[in-house]
Ligand SMILES: Nc1ncnc2c1ncn2[C@@H]1O[C@H](COP(=O)(O)OP(=O)(O)OP(=O)(O)O)[C@@H](O)[C@H]1O
Ligand SMILES: Nc1ncnc2c1ncn2[C@@H]1O[C@H](COP(=O)(O)OP(=O)(O)OP(=O)(O)O)[C@@H](O)[C@H]1O
Ligand SMILES: [Mg+2]
Ligand SMILES: [Mg+2]
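Protein chains in written order, with my numbering: chain D, 1 to 234; chain Y, 235 to 496; chain U, 497 to 758; chain Z, 759 to 995; chain R, 996 to 1228.
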C-alpha cells in the first residue's frame, strides 16, 4: 500500500478477525435497534396515554437507563447478574453456552439502552401529533392498535426521523463497549491491533472508514423515509 | 346488556338524552337532547361558542359527556362514571358505534401523512375490512362527486381550504355510515360547491341515512332539514320543524338570531 | 429606488400587475392584476382551488410569484429572479411592507403557544414597538369588538372554530395595517357574527384603509364592495363594480357562478 | 457495608472526595461542550434549512462524517495530530511551541461532535412546526430574528427537547473519553478507584448514583422547559 | 530539560497506583524515581489513559513511558524499548480442584481466559490450540469470570495474579503451572520511547544498569516482592 501514507502491513494478518468483528457489530446493531425500538414505542406511548402507574414506570426506566453509563449497565448485567447463573446451577443446563457468552448480554444491554433513549424521543414525538388527526382516526372506529399503527406512529416518526438517525448512530458507536464483556466487535479488533502494533492512527482510520460505511446507509435510509412524504415548509 | 331500556321507537336511529358537558368550570352543554329517525336531516344552528361542535363530538365520544345518555339504533352506550366525566366501559362497542357514525370535522383533521386517496380508503380498508380494490372503486366515485379526482394523489398540506374540506367529506362518506355528523361541512366552499355538497347530503338522507349537521347556511337549514335545533349557551332554546324555528320562534333569542341572516 | 416607476395615481394603495404563480407543473395564477385605492373594498370570488388564497399569499410574499409586479403605496417590491420564482432582494422592505399588510388566514394560523391576548399584542409590541400597556389597551378594544374579551387568556387549541377565527381577525386588526388581506374571514362564523365582522370591515374601509377580501358571502360582496373580482382557474374572468359582476356579467362562467347562490 | 463506607469516605484513603471532584470536572466539560454543541446545532440547522446548496452540502458532510467517526478517533486526531500540525506550523514560522489546554480541547472536541447531533435534532424539530405558524409571523412583518425567537423556536422546542435532553446526558458520559488526553473526570476516577480497591460493586454503584443524580436534576430542568413550551397544547390521550 | 515520564492513568497494582489523594505509589513509581536520579534528570509525571499513551508519546507530550509495556517485535516496529527492567513469568490459574496444568493436553476443550493483546494471549494462541481462548479487556475481568465459572482457567502475569489469589474471591484457585516460551514472551518489560530518541535510549539503559549494579533496584524490589522480579539475567 505504498500509494497511501502510513503503515498498512498488518491488514492481511488481521483481515479475518476484522471481518468477524464487522459481522458481530452488524448483528449487535441490528438486533439492538429492532428490539430496542419495539420496546421504545410502548415506553414512549404509555407516557402520553397513561395509565399513570405505567407512565411512571416508563419514565423511571428511561431515567435510570439514560442516567447511568452504559458501561456500568453492561458490567452489572454481565459480571453482576450473569455471575449468579452458575450459582443457581444453570451451568449444568443447555442454556449455559448462551449464558456464558457475552453476546446475549450485550444485545440485552444495548436494547434497553436504545429503549431508554428512544423511548424518551418517542414520548415527545407522540405528544406532538395533532390531536385532531387522532380524533379523526377514532371517529371512524379504528381500534387503539390500528390508530397507533396507521396514524399515530407514522405521524410521530415523521417528526423525529433526524433525531432517531442520531440515536441509532450513537448506538453503533456504543457497540465497542461490548468488548468489556468479551464481545470483540470490529472496534475491539481495531483496539487489539493498536495494542499489538502500537500503531496510532492507521487502525483507527480503518475503523473510522468502516463506521462511515455502516452509518452512511443508515443515514441514507432514514433520509429516504423522511423525504418520502413531502413537507410544506415556509 | 340487560340494563338497557328497549328503544320505544323502532326507526329511531340516534337518541341523545340530557347531555351535559363541562370543561372544568365551564359548563358547555347543559342538558341537550335529540332524537333522529332514519332519513332525518337535523340541523343545529347557534352562535359561535354555543356548544354545537362539542355536542357532535360528544355523540361519537371524542369528548366524554359529564352526564347523559346516547343511544344508537336503540342500543345505549355503556358508561361507567369516572372522575369528572362518564367513561365508556365497552371499548368494542365504542369502536362499533363510531364506525357507524361518520364525522366531518370543523377543522377537517385530514391525516397529513396520507394522500387524499389514502385518507379516503383508510377507513373502508382498515375498519370495514373491504378489499383495497373495492375501496378504491368507491373512493373514485366519491372523489369524482366532490370534484377531487384530480387531486387524489396530493397531500393535504398542498391543497386549498375548500379542497381539504371536500377531502374530509369524502373520507366520511366512504365509510357509508348510518348516521353522519357534519360540523359546518360547507364553511370553506364556494356557492356552487355548497350546492353540490348539500345535494349529496340530501340524497344520502333519501337513502335512509340520518344526518346531523351543524351549519351557518340558514337557507339549507330552512329548505332541507326535517328538524332544526337552535342551541344557545349549551341549552336548546328552540327546536322543531324549520317552518316553526324560522318563521315562528317562541324564543326571543332565536328570533333575533334567525333574523340576523342578512 | 431609482428603477421604480412613479405611481401614476396618488391614492393607489395596492397595485398588482400580471402576477403569475406556479407550483411545479401546476399554473395556479396566470397573470392576475389588481389596483385598489384607499378605502376600497375589493372582494374576490371564485371556485374552490381557483387560486384566491394563493393570490393573497403572493401579495404579502408568503408565496413567491413566478412573475409579476407588486406595488404598495407606489413603491414596488424589489425582486431578483431566482431558480423557479422571483425572490425579493430587500429583506427590510419586505418586513416593512408586511407590517402594513394585515392578513387573516383561511386556516387562522394562531400561535398555539400563546393565549389569545398574547397573539393579539405580539405584533404591536414586537414589530410596531409599541409599549405593552398601549398594546393591551388596543387589544382590549378589539377583543371586545369581536366578542372575545372573556376568552383572552385561553389558548387557541381550547377554543371553538368561530372563536379562533375571531382571534385571528383581532390579531390582524391590532396591527392597524393600511391594507387588509382577508381570506374567508367569516367562514366559521354564525350569521350574527358575520354581520358584526362585516360591519367592522366596512368601518375600517371608511377610515380609509384598503380591504382585499376573499369571500363566499355573495351578499356582502354585492352590498359593500367597491370592486368585485371573479377568479377562474387563475385568470380574472370578470372584474368591476358589484352591479356589473352580479347583474350583468360578460363571462358565461361568472354568470353561472353568481347564479348558483341559492 | 462498613467496608463500602470506608471506601466512599470523603477524605483519602476514601474515594468519596475524588469521585466528587471527578464529577465536578465531568460537569464542567459536559456543560461547555453541550452549550457549544447547541450553538453549532442552531446555526447548522438553520444553515441546512435556509442555506444554499454549498452550505447545505458541507453541513451534510459535517453531520455525516462527524457522527459516524468514533469520538476517540476524533479526539486523538484533533488533540494529538492537530496539535502536532499546529506546532509544526508554528515552529516552521519561527514561533514557540504551544501546549493545547486539555480541558479546552476536550470541550471543543465533544462540543464539535455534539453539534453534529444537535443539528439534526433541531432540524427535525423545525420541520415539525406547522408552516402556518411561521407564515403568520412573517405576515405581520417580523424580522427573521424576531420570527425565530418569538415563534419558531418556542414552537419547535417541544419536538426538540427529548432529543436535546438525551444529548446532554450523553455529553456527561462522553467526557470519559477525555482520559486519553489526560483529563481526569468521574469515569476515570472510578476506574482508578476500582483498580486500587477492587471494590467494583461499591464504586460502580456510587458512580452510577452520581450520574443518576445529575439525570434527575436534568429531568427536572428539561421537564420544566418542556411543560413551559407545551403550554396550550392539548393532550391526546 | 526535564524529562516527561508517562504513566497509564489506569491503575496496575502493585506497579503503579494512584490513590484517592492523587499520589502515585507502587514499585514502578519508585523505580522511575531511581532511574531519574541515576540519569540526573528532573522528571515530571504525565498520566494518560492507555488509549492515548502512544499518541501522547509521539506528539511529545511525554518522552518515556513506564507502564509495564512488554517488549515485542511487533511493537518494536513502531516505538523503541529500553532493555528490560523486569520480567515476571506467566502462569496458568485454575480452581484448586481442577486437573488443569501448564500442559496443552490438560486444557483440551476448556475455556481459557486471557487479557487481549498481551503476550499471554499470544501464548495461548500458539500453544493451547485445542482450548477455546476467551479475550478480556482487563485482568480483573477475566478473574471475575474465572470466579463465576465462565472460564475454566486464566493465563496471566504471575505477579498480577498474586493479589487475586490471596483475596476472598480467589481463595479457591491456585497457580497450576508456569509457562515459558521466550519467543512469545520476549525479554520482558521495557521503557518505551520514540524511535528517533536513540541518545535517550542509551541513557535509560545506562540508568537501568546503574541501579541494578548499585543495589537500588534490589532495595526497592524487596519492599514489594519476595522473589527476583528482574527475572534472571
Ligand atoms: N403549497 C402548494 N403546493 C402545491 N399546490 C398548491 C399549494 N397550495 C395550493 N396549491 C394548489 O393551488 C391551487 C389554488 O389553491 P388556493 O389555495 O389558492 O385556492 P383557493 O382559490 O383559495 O381555494 P379555496 O376557496 O378552496 O380556498 C389548488 O389547486 C391547490 O391545490
Ligand atoms: N377542549 C376544550 N377545553 C376547554 N374549553 C373548550 C374546549 N373546546 C371547546 N371549549 C369551549 O367550549 C365552548 C363551546 O365550544 P364549541 O366548539 O362547541 O362551540 P361551537 O358552538 O362549535 O362554536 P363555533 O360555531 O364557533 O364552532 C367554547 O366557549 C369553547 O371555548
Ligand atoms: Mg364549532
Ligand atoms: Mg383558499
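All C-beta atoms, glycine included, are put in the ideal place defined by N, C-alpha and C.
Please list the terminal residues of the continuous alpha helix (DSSP H) segment that includes residue i.
i	result
residue 596(U)	587-596
residue 514(U)	Counting along the chain, residue 514(U) falls outside any alpha helix (DSSP H), though it belongs to the beta strand (DSSP E) covering 508-519.
residue 621(U)	612-622
residue 238(D)	With chain D covering only 1 through 234, there is no way to say anything about residue 238(D).
residue 821(Z)	811-826
residue 1236(R)	Any property of residue 1236(R) remains undetermined from this structure, which presents chain R solely from 996 to 1228.
residue 202(Y)	Chain Y is shown only over 235 to 496; residue 202(Y) falls outside these bounds and no answer can be derived.
residue 278(Y)	Note, residue 278(Y): premise wrong, no alpha helix (DSSP H); beta strand (DSSP E) at 275-280.
Beta-carbon separation of residue i and residue j under 9 Å?
i	j	result
residue 275(Y)	residue 406(Y)	no
residue 910(Z)	residue 887(Z)	yes
residue 287(Y)	residue 448(Y)	yes
residue 1304(R)	residue 938(Z)	The question about residue 1304(R) has no answer here: the residues shown for chain R are numbered 996 through 1228.
residue 163(D)	residue 883(Z)	yes
residue 381(Y)	residue 451(Y)	no
residue 616(U)	residue 666(U)	yes
residue 522(U)	residue 679(U)	no
residue 1106(R)	residue 1128(R)	yes
residue 581(U)	residue 606(U)	no
Out of the options, which has the shortest C-alpha to C-alpha gap to residue i?
i	options	result
residue 28(D)	113(D), 8(D), 7(D) and 199(D)	113(D)
residue 896(Z)	588(U), 643(U), 714(U) and 562(U)	588(U)
residue 720(Z)	930(Z), 938(Z) and 962(Z)	This structure cannot settle anything about residue 720(Z), because the visible part of chain Z is limited to 759 through 995.
residue 779(Z)	988(Z), 985(Z), 968(Z) and 975(Z)	968(Z)
residue 697(U)	600(U), 645(U), 606(U) and 745(U)	600(U)
residue 604(U)	637(U), 663(U), 611(U) and 651(U)	663(U)
residue 104(D)	126(D), 125(D) and 78(D)	78(D)
residue 800(Z)	915(Z), 835(Z) and 949(Z)	915(Z)
residue 899(Z)	689(U), 556(U), 612(U) and 602(U)	556(U)
residue 761(Z)	992(Z), 955(Z) and 991(Z)	955(Z)
residue 1080(R)	998(R), 1201(R) and 1172(R)	1201(R)
residue 620(U)	750(U), 659(U), 631(U) and 699(U)	631(U)
On the DSSP letters alone, give me the boundaries of the beta strand (DSSP E) that residue i sits inside.
i	result
residue 772(Z)	Per DSSP, residue 772(Z) belongs to no beta strand (DSSP E) and is neither H nor E.
residue 728(U)	723-728
residue 1090(R)	1085-1090
residue 1038(R)	1038-1043
residue 523(U)	522-533
residue 999(R)	998-1003
residue 473(Y)	469-474
residue 1107(R)	1106-1110
Check whether the Cβ of residue i sits closer than 8 Å to any heavy atom of ligand 5, and report yes or no.
i	result
residue 545(U)	Among the ligands present in this structure, namely ligand 1, ligand 2, ligand 3 and ligand 4, ligand 5 is not found.
* To do: Starting from the N-terminal end, write out each residue whose C-beta falls within a distance shorter than 5 Å of any non-hydrogen atom of ligand 3.
  => 287(Y), 340(Y), 656(U) and 657(U)
* **Segment contact flag, the region 889-903 of chain Z with the region 854-870 of chain Z, C-beta cutoff 8 Å, min 3 pairs** => no
* For the region 135-142 of chain D against the region 331-343 of chain Y, are there 3 or more C-beta pairs whose distance is under 8 Å? -> yes
* Asked: Between the region 181-197 of chain D and the region 12-31 of chain D, do three or more beta carbon pairs fall short of 8 Å?
  -> yes
* **At least 3 beta-carbon pairs within less than 8 Å: the region 1112-1126 of chain R vs the region 1166-1182 of chain R** => yes
* **Stretch-stretch touch, CB-based, cutoff 8 Å, three pairs: the region 1126-1145 of chain R with the region 1071-1078 of chain R** => no
* Do the region 565-579 of chain U and the region 503-523 of chain U meet, that is, are 3 or more Cβ pairs less than 8 Å apart? -> yes
* Contact the region 1144-1155 of chain R vs the region 1099-1116 of chain R: 3+ CB pairs below 8 Å -> yes
* the region 865-876 of chain Z contacting the region 149-158 of chain D, beta-carbon criterion three pairs below 8 Å -> no
* At least 3 beta-carbon pairs within less than 8 Å: the region 830-845 of chain Z vs the region 898-910 of chain Z -> no
* Taking three-plus beta-carbon pairs below 8 Å as touching, is the region 55-67 of chain D in contact with the region 981-991 of chain Z? -> no
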